[in-house]
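Structure, as structure tokens:
There are 2 protein chains.
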Amino acid sequence: MSETSIRYVRMLEQVARWPRRVSCRELREKLAAEGFDVSKRTVERDLDKLSRWFPIVSDGASPQGWSWSREARGFELPAMSPATALAFLLLNEFSRPLLPNNMQSFLDEHLTRAREILEQTEKNQPGMSHWSELVAVVPRSQPLLPPKGDAEAIRTAYDALLEGCLFEAEYRAASRDLEPKTYRINPLGLILRDNVLYLACTLFNYEDIRLLALHRLGKARLLDEPGWSPKDFQLREYVASGAVDVLEGPEIELVADFERDAARHLSESPLSEDQQLEERGEDITRVTATVRNTRQLRWWLHGFGAAVEVIAPTELREEMAANARALLKHYG
Amino acid sequence: MSETSIRYVRMLEQVARWPRRVSCRELREKLAAEGFDVSKRTVERDLDKLSRWFPIVSDGASPQGWSWSREARGFELPAMSPATALAFLLLNEFSRPLLPNNMQSFLDEHLTRAREILEQTEKNQPGMSHWSELVAVVPRSQPLLPPKGDAEAIRTAYDALLEGCLFEAEYRAASRDLEPKTYRINPLGLILRDNVLYLACTLFNYEDIRLLALHRLGKARLLDEPGWSPKDFQLREYVASGAVDVLEGPEIELVADFERDAARHLSESPLSEDQQLEERGEDITRVTATVRNTRQLRWWLHGFGAAVEVIAPTELREEMAANARALLKHYG
DNA sequence: CGACAGAGCGACAGCGCCTGTCGCATCTCG
DNA sequence: CGAGATGCGACAGGCGCTGTCGCTCTGTCG
Numbered sequence: 005m006s007e008t009s010i011r012y013v014r015m016l017e018q019v020a021r022w023p024r025r026v027s028c029r030e031l032r033e034k035l036a037a038e039g040f041d042v043s044k045r046t047v048e049r050d051l052d053k054l055s056r057w058f059p060i061v062s063d064g065a066s067p068q069g070w071s072w073s074r075e076a077r078g079f080e081l082p083a084m085s086p087a088t089a090l091a092f093l094l095l096n097e098f099s100r101p102l103l104p105n106n107m108q109s110f111l112d113e114h115l116t117r118a119r120e121i122l123e124q125t126e127k128n129q130p131g132m133s134h135w136s137e138l139v140a141v142v143p144r145s146q147p148l149l150p151p152k153g154d155a156e157a158i159r160t161a162y163d164a165l166l167e168g169c170l171f172e173a174e175y176r177a178a179s180r181d182l183e184p185k186t187y188r189i190n191p192l193g194l195i196l197r198d199n200v201l202y203l204a205c206t207l208f209n210y211e212d213i214r215l216l217a218l219h220r221l222g223k224a225r226l227l228d229e230p231g232w233s234p235k236d237f238q239l240r241e242y243v244a245s246g247a248v249d250v251l252e253g254p255e256i257e258l259v260a261d262f263e264r265d266a267a268r269h270l271s272e273s274p275l276s277e278d279q280q281l282e283e284r285g286e287d288i289t290r291v292t293a294t295v296r297n298t299r300q301l302r303w304w305l306h307g308f309g310a311a312v313e314v315i316a317p318t319e320l321r322e323e324m325a326a327n328a329r330a331l332l333k334h335y336g
Numbered sequence: 005m006s007e008t009s010i011r012y013v014r015m016l017e018q019v020a021r022w023p024r025r026v027s028c029r030e031l032r033e034k035l036a037a038e039g040f041d042v043s044k045r046t047v048e049r050d051l052d053k054l055s056r057w058f059p060i061v062s063d064g065a066s067p068q069g070w071s072w073s074r075e076a077r078g079f080e081l082p083a084m085s086p087a088t089a090l091a092f093l094l095l096n097e098f099s100r101p102l103l104p105n106n107m108q109s110f111l112d113e114h115l116t117r118a119r120e121i122l123e124q125t126e127k128n129q130p131g132m133s134h135w136s137e138l139v140a141v142v143p144r145s146q147p148l149l150p151p152k153g154d155a156e157a158i159r160t161a162y163d164a165l166l167e168g169c170l171f172e173a174e175y176r177a178a179s180r181d182l183e184p185k186t187y188r189i190n191p192l193g194l195i196l197r198d199n200v201l202y203l204a205c206t207l208f209n210y211e212d213i214r215l216l217a218l219h220r221l222g223k224a225r226l227l228d229e230p231g232w233s234p235k236d237f238q239l240r241e242y243v244a245s246g247a248v249d250v251l252e253g254p255e256i257e258l259v260a261d262f263e264r265d266a267a268r269h270l271s272e273s274p275l276s277e278d279q280q281l282e283e284r285g286e287d288i289t290r291v292t293a294t295v296r297n298t299r300q301l302r303w304w305l306h307g308f309g310a311a312v313e314v315i316a317p318t319e320l321r322e323e324m325a326a327n328a329r330a331l332l333k334h335y336g
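Written out as structure tokens, the structure reads:
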């Protein structure tokens, strides 16, 4: 079989979505690296031909820069299966309130495709409910509205992180009235907490690690300077060290008495691999499990209100007791 | 330009991933529907040619069934951008403990691709940290382990829902010792709650809506009978009606005093569009917002422990007070 | 068991698409 | 202003693609 058709497909792969562009010269080199040895003229002709069938465009400059048009509806091979499309929809419903909206935007093209797939599937199955009627999410936690940010600036931060270079951006501090300040930022990693994305980084030439909330960035531009890593920096260790405000405590042996209804779901979604449930009659289930002693744990236990009584460890029980006394002071 | 190359791409689109298969005859009809009028022989030849360049295989039966091989690494056009790949990674980190594992599996091929994209990007940027060092998630809620289910059975449920037909499966009731029973199931919709997927459906010829936990299904097979909708059934309304155990209450005007640190994140991730914050000195922030009166709301308020005092509405305040008294009884 | 329809596939000839080359116009940058 | 690079029209040759034909094989139905 002629290599021609295959070359076309590879060319389409090499052309990236707008605003990234590729020149004929680069394209020819990349193809050569894959074993397709063709003349410059052929590459030019191919791009011209492909642009008649696919939404790829040239910017008209010299040398020409080719890219997939911004709103091009792409596709994948093999095509997304309807079951996967359904999973995407569910994921979207589920994660919308839990994820920063700028992160959602990265998944949008996949969601668009998922909807197309389902619509197509539906055409063969008239009479069924519409796909949007097939999935629903009952949220686990109180939905909070995700913060809005400057999409352009956030993308720049992603790119800088990936390319390992510095960037410059304005940052509005948390206190509202302060003027935004411009920083030279050396990105080290992304941290997602609740529905806020933080960028771990260093500023200017300082060595200390800072956290910037991505949605407070603005007016960003990439710099042509390589990034660097403070010695021995490891994102996971940094997070585990508690710098992000949530202490990863040591493991403890938790013992707590739950009202039976409250404990029921733990039999299917256990707290830990070694969790044990013990019915103690009179509507009480005793739960024993090895868990990390975190703020989340307290939050979760508090959530049950009076439906749970912590038995051990004693320090935790004492904390819960103190909290109960403080609560009663509020409500007299 | 000849239509030949375009036809190849369309053919690759029509061929689905294993175990779904397509025959030469079907393929020819589909191509004809798209305007590619070619002879049967040509389709046969094309498939043979394409299989030399792409991981598509024939099952050897007669008539032959063609599909993308099971472990084929697909690709998409235009290619996934590195920023999107990073978002996928973050999403995966984030959602792993919150989603049923069977749902994760549907996203696996996209994750594989995301990792490839990042690895390729990294090759041009040596010296940077590895991509897995670029993202971290600090969970918002107590991580529970997602329940494990029969992947095959779950996929069958998805397929039945999409194709609008009945299926048959075993179901293990929540009480462990009961024998699994076999049901004829008419799927109506999927509901995700916490990290458990439920299938809204009717059983046999009954009219009443039931919820089955997907991970308790086993030994499923599609039936060749069309599904049906109970009259006036609407998934969203069904969920909103509180059938899924979480009551969607009416809207209330919540007024509550938070400790200042506890309220800080509400300035960026507000409870509602109309939320108002008011500093009341002495480390107290008063929050006013219109929210739904749900169990989640109580859960969320409880989570703060003594760091929040509900002022209005009075019924809710009374509930919180009662809870405080009950708590103190536990801890003496 | 036999007949028939449909599918797979090798062979072949002709058309037309793809390709490298050449030359000229245009653009960019020093 | 000039050198080097890029864009593109023209052209001829080669070979890849296509429909047709015929043979073989498989599965099905009576």
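Sequences listed follow chains E and S, in order.
Per the working numbering, the very first residue in the first sequence carries number 5; after that it's consecutive.
Per the working numbering, the very first residue in the second sequence carries number 5; after that it's consecutive.
Don't be surprised by glycine CBs; every beta carbon is placed ideally from N, CA and C.
- Contact between Leu35/S and Arg56/S is absent: CB atoms are separated by about 20 angstroms, not below the 8 angstroms threshold.
- For Trp70/E, the nearest beta carbon of chain S is not closer than 7 angstroms to its own beta carbon.
- For Asn327/S, the closest Cβ of chain E is nearer than 7 angstroms.
- With respect to chain E, the C-beta atom of Gly78/S has a partner C-beta closer than 7 angstroms.
- The beta-carbon of Pro234/E is placed no less than 7 angstroms from the nearest beta-carbon of chain S.
- DSSP, read as helix, strand or coil, puts Ser276/S in coil.
- When beta bridges are read from the DSSP output, Lys185/S appears opposite Tyr175/S.
- Looking at the backbone, the Cα of Pro150/E and that of Phe98/S are separated by about 15 angstroms.
- In terms of beta-carbon proximity, Leu331/E lines the interface with chain S, with at least one pair separated by less than 7 angstroms.
- For a Cβ distance threshold of 8 angstroms, residue set Trp57 of chain E lies close to Ile10/S, ordered along the chain.
- The bridge partners DSSP lists for Asn190/S are Thr206/S.
- Comparing C-alpha distances from Asp236/E to each of Glu137/S, Ala310/S, Lys235/S, Glu255/S shows the shortest one belongs to Glu137/S.
- For Val61/E, the uninterrupted beta strand (DSSP E) segment begins and ends at 60-62.
- For Ile195/E, the chain S residues whose Cβ falls inside 8 angstroms of its Cβ are Val139, Ala140, Val141, Val142, in order along the chain.
- Take Phe79/S, set aside five residues on each side of it, and the residues of its chain with a beta-carbon closer than 8 angstroms to its own are Arg117, in chain order.
- Taking a Cβ-Cβ cut-off of 7 angstroms, the neighbours of Tyr162/E in chain S comprise Ala87, Leu90, given in sequence order.
- In the DSSP assignment, Lys53/S falls within the alpha helix (DSSP H) that extends over 44-54.
- Measuring C-alpha to C-alpha distances from Tyr335/E to each of Tyr335/S, Ala328/S, His334/S, Gly336/S identifies Ala328/S as the nearest.
- Within chain E, Leu81, Pro82, Ala83 have C-beta atoms less than 9 angstroms from the C-beta of Val19/S, given in sequence order.
- With a cut-off of 8 angstroms on Cβ pairs, the stretch 290-300 of chain E is in contact with the stretch 255-272 of chain E, counting three or more such pairs.
- DSSP places Ser73/E in the coil class of the three-state scheme, outside both helix and strand.
- By the neighbour-count criterion, in which a residue is buried when 16 or more other Cβ atoms sit within 10 angstroms of its Cβ, Asp63/E is exposed.
- Assignment of Arg197/S by DSSP, reduced to helix, strand and coil, places it in the strand class.
- Residue-level contact by beta carbon fails for Met15/E and chain S, as no gap is shorter than 7 angstroms.
- By the Cβ criterion, the stretch 299-318 of chain E is not in contact with the stretch 23-43 of chain E, since fewer than three pairs of Cβ atoms, one from each stretch, lie closer than 8 angstroms.
- Here DSSP, grouped into helix, strand and coil, assigns Pro234/S to coil.
- It is roughly 14 angstroms from the alpha-carbon of Asp265/S to the alpha-carbon of Gly307/S.
- Burial of Phe110/S is indicated by the presence of at least 16 other C-beta atoms within 10 angstroms of its C-beta.
- Chain S places no beta carbon closer than 7 angstroms to that of Leu215/E, leaving this residue out of the contacts.
- Contact with chain E is absent for Leu221/S, since none of that chain's Cβ atoms lies less than 7 angstroms from the residue's Cβ.
- Non-local beta-carbon contacts of Glu211/E in its own chain, meaning distances under 8 angstroms to residues more than five positions away in sequence, involve Pro234 in chain order.
- Under the 10 Å beta carbon count, Ala177/E is surrounded by fewer than 16 other beta carbons and is classified as exposed.
- The criterion of a C-beta distance shorter than 7 angstroms is satisfied by Leu227/E and Leu170/E.
- Annotation for Ala89/E: the continuous alpha helix (DSSP H) segment containing it runs 86-99.
- Taking every protein chain shown into account, the CB of Ser9/S has 16 or more other CB atoms within 10 angstroms, so this residue is buried.
- From the beta-carbon of Glu313/E, the residues of chain S found nearer than 9 angstroms are Leu331, His334, Tyr335.
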